[in-house]
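Accompanying notes for the structure given below.
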Amino acid sequence: MAITASMVKELRQRTGLPMMECKKALTAAAGDIEKAIDDLRKVSGLKAAKKAGRTAADGMVAAKIATDGSYGVLVEVNSETDFVARDGNFQSFVDRVVNKAFDERQQNVAQLMDGELEDAREALVQKIGENISVRRIELIEAATVGAYVHSNKRIAALVALSGADVEIAKEVAMHVTAVNPQVVNPQDMPAEMLQKEQEIIKAQPDMVGKPAEIVEKMMGGRVKKFLKENSLIEQPFVKNPEVTVGKLTKDAGAEVVSFVRFEVGEGIEKEELDFAAEVAAQVKSST
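Throughout the sequence shown, residue numbering follows this note's numbering, covering 19 to 305 in sequence.
And the structure:
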């Protein structure tokens, strides 16, 4: 597989390593960025790379919460460019999407878009000349649900608590948007993710040649740190690092039940065109 400049750029952004080292790792991994990151962590002791997937699609996220905090919805609507994402017509369409999802307590995109809302989407596409799509909807119902949407309207979160008030849930949702935890509790970490992390730790240079019992002891400490850093209730609260999110909610008489976090375009890959190369190729093919 050909290693492109955009692939090297992404790996550099996610690891902070030199260009040639990134290119070498990508070549060895046959262009698989996630495998290249794992390999680099094994041989260089690289800390965990940025978790966000390639964010190539544009658009915005929006949330709406019931006045009694009993439920809320979170939506992501995509456009092709940031210019359209800032357009008033696009933002009005997003408002219609989140309001309908909220009113119907709907999280099935196909069902939500069946009928008038789909007609509105098609009309907007015709008007602005870009593809518009409703990518995903999440509905959360609980004793207390809070939402936080970042000012850039590109990252948002919903948080469900077993009690407390909406403001506490909103504070936790703000933390989720900023810190991006992977699970609520350490025991919620998927076995495959934990196993993958253990393999990476075991392959790091300072583990080589040590007695098995020492390796296991070091592994235990690093796995514990990994779980603490990636579990919501164990993380220091972003507005007051002196307390964990778990203590914050416990002091308010509640526990975190669940959360969901949306970031515009996460996991969507969009081809980056080299227009100069494309024009040159077209000229060459026409001669």
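We treat Cβ as the ideally placed atom computed from N, Cα and C, and that holds for glycine.
Unbroken beta strand (DSSP E) run spanning residue i, endpoints
i           : result
residue 76  : 76-83
residue 157 : 151-159
residue 276 : 274-281
residue 94  : 89-97
residue 173 : 173-179
residue 260 : 258-262
residue 165 : 162-167
Distance, residue j Cα to residue i Cα
i           : j           : result
residue 93  : residue 125 : 9 Å
residue 216 : residue 244 : 10 Å
residue 61  : residue 261 : 35 Å
residue 176 : residue 230 : 43 Å
residue 55  : residue 259 : 29 Å
residue 227 : residue 237 : 14 Å
residue 151 : residue 96  : 5 Å
residue 286 : residue 164 : 27 Å
residue 35  : residue 48  : 18 Å
residue 246 : residue 45  : 33 Å
residue 305 : residue 21  : At residue 305, the pLDDT of 49 sits below 50, so the modelled position is not reliable; the number obtained from the coordinates is stated separately. If you take the alpha carbons of residue 305 and residue 21, they lie about 28 Å apart.
residue 50  : residue 99  : 26 Å
residue 239 : residue 257 : 27 Å
Proximity winner among the options, relative to residue i (alpha-carbon distances)
i           : options            : result
residue 268 : 239, 186, 218      : 186
residue 114 : 99, 102, 130       : 130
residue 181 : 274, 100, 120      : 274
residue 184 : 257, 233, 76, 89   : 89
residue 266 : 284, 189, 235, 201 : 189
residue 250 : 162, 271, 179      : 179
residue 253 : 214, 201, 47, 140  : 201
residue 59  : 76, 75, 77, 40     : 40
residue 213 : 232, 241, 29, 199  : 241
residue 52  : 257, 218, 263, 248 : 218
residue 120 : 87, 210, 136       : 87
With 16 other Cβ atoms within 10 Å as the buried cut-off, status of residue i
i           : result
residue 38  : exposed
residue 31  : exposed
residue 123 : exposed
residue 85  : exposed
residue 292 : Only weak support is given to the placement of residue 292: the predicted model assigns it a pLDDT of 49, under 50, and the value that follows is read from those uncertain coordinates. Answer is exposed; the Cβ neighbour count stays below 16.
residue 25  : buried
residue 144 : exposed
residue 19  : exposed
residue 33  : buried
residue 83  : buried
residue 23  : exposed
residue 76  : buried
residue 162 : buried
residue 69  : Residue confidence for residue 69 is low, a pLDDT of 40 falling below 50, so the modelled location carries little weight; the figure read from the coordinates is stated next. Exposed.
residue 81  : buried
residue 271 : exposed
residue 133 : exposed
residue 312 : As displayed, the chain neither begins before 19 nor continues past 305, which places residue 312 out of reach and without an answer.
Endpoints, alpha helix (DSSP H) assigned at residue i
i           : result
residue 102 : 100-103
residue 117 : 106-122
residue 248 : 230-248
residue 194 : 184-197
residue 202 : Counting along the chain, residue 202 falls outside any alpha helix (DSSP H), and DSSP gives it neither H nor E.
residue 129 : 127-130
residue 39  : 37-46
residue 137 : 134-146
residue 26  : 23-33
residue 209 : 209-220
Heavy atom of the ligand NAP within 7 Å of residue i beta-carbon
i           : result
residue 263 : Absence of the ligand NAP from the depicted structure is noted, as is the absence of any ligand whatsoever, leaving it without description.
| How about the stretch 156-166 and the stretch 98-109: do they share at least three Cβ pairs that are nearer than 8 Å? | no
| Cβ pair count under 8 Å reaching 3, the stretch 166-173 against the stretch 272-289 | yes
| Segment contact flag, the stretch 218-226 with the stretch 188-196, C-beta cutoff 8 Å, min 3 pairs | no
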